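Numbering (the numbering used here), first residue to last: 87 to 321. Please read the structure below before turning to the comments.
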Ligand code: MN
């Protein structure tokens, strides 16, 4: 992985979370916003092999993710939303129509997803581990609960670890391209870890075996990024 690319993603993670952590800070945090750009992938298509195959990564990033981005940019043209961060847009997404909700979610969620994966596994930072143990009893308990959310979601969608507005971590799954930042979310919070469980995310390699894909996800999670998002969200 190129160092610069990693920094791009780390920076994105740092930008994405703090704003959302305190919704009021959007006003002062607006200067961090650099426009809706399609991000570089911080690693090669084959970097997550054998857990996520190169062909899936290439199609997922170049076709699916780019498609959401392009449609989102089309949908907001001339609306003024060009100048607003996604975290702000999501707070009123219920009023903005399906194209913004679906494509804006698709654009943003994949940014988070690519960012919270890495080819090399490093140990979970202590601060994150403590928070996870505090909220879920143990790291294994957390993984089991998150895995269940991913495996049991009916149809297409995402599994999430998020920091709730009450300061507690929670696990949820949401359909389609919805995420916990959206005003339509049953439980709202700042996303820390995202797992895409649409069939396009795993079907070439795993076919119908979503559970195997979800279990293998733990081999490629970038805990440093999750830890950074948590720290940023806590302000
Ligand atoms: Mn996807």
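For each residue, glycine too, the CB sits at the ideal point set by N, CA and C. Quick caveat: nothing in here was measured; it's all calculated off a predicted structure.
Which residues bound the beta strand (DSSP E) around residue i?
i, result
"residue 243", "243-250"
"residue 276", "275-282"
"residue 255", "255-261"
When you compare each of the options to residue i by their alpha carbons, which one comes out closest?
i, options, result
"residue 257", "265, 246, 266, 267", "246"
"residue 259", "279, 253, 251", "279"
"residue 193", "131, 146, 220", "146"
"residue 282", "305, 270, 160, 243", "243"
"residue 271", "284, 248, 161, 138", "248"
"residue 305", "127, 141, 137, 253", "137"
"residue 221", "161, 253, 132", "253"
"residue 274", "178, 303, 141", "178"
Thinking residue i and residue j are a contact (beta carbons under 8 Å), I'd like their distance in whole angstroms, please.
i, j, result
"residue 153", "residue 175", "That pair is no contact at about 18 Å."
"residue 296", "residue 237", "6 Å"
"residue 301", "residue 241", "Not really, about 20 Å apart at Cβ, beyond 8 Å."
Would you kindly report the start and end of the unbroken alpha helix (DSSP H) that includes residue i?
i, result
"residue 127", "Note, residue 127: premise wrong, no alpha helix (DSSP H); not H, not E."
"residue 226", "225-238"
"residue 143", "140-145"
"residue 291", "289-292"
"residue 196", "191-201"
"residue 213", "212-222"
"residue 302", "296-302"
Considering only residues of the same chain and omitting the five flanking positions on each side of residue i, which have a CB-CB separation below 6 Å?
i, result
"residue 99", "The pLDDT assigned to residue 99 is 43, lower than 50, so where the model puts this residue is not dependable, and the model offers no usable value."
"residue 359", "The chain is shown only over 87 to 321; residue 359 falls outside these bounds and no answer can be derived."
"residue 210", "309"
"residue 317", "none"
"residue 196", "151"
"residue 31", "No information on residue 31 is available, as it lies outside the stretch 87 to 321 that the chain covers here."
Grab me the residues of residue i's own chain with a C-beta within less than 7 Å of its C-beta, minus the 5 sequence neighbours each way, in chain order.
i, result
"residue 108", "Model confidence at residue 108 stands at a pLDDT of 38, short of 50, so the residue's coordinates are unreliable; what they give is reported in the following sentence. Around residue 108: 321."
"residue 215", "225"
"residue 134", "143, 203, 205, 306"
(request) Would you check if the segment 280-297 and the segment 117-135 touch, i.e. whether three or more CB-CB distances between them fall below 8 Å? (result) no
(message) For the structure I just gave you, are there three or more beta carbon pairs, one from the segment 161-169 and one from the segment 311-320, closer than 8 Å?
(response) no
(message) Under 8 Å: do the segment 175-187 and the segment 216-232 share three or more Cβ pairs, one atom per stretch?
(response) no
(request) Examine the Cβ distances between the segment 202-217 and the segment 262-270 and report whether three or more of them are shorter than 8 Å. (result) no
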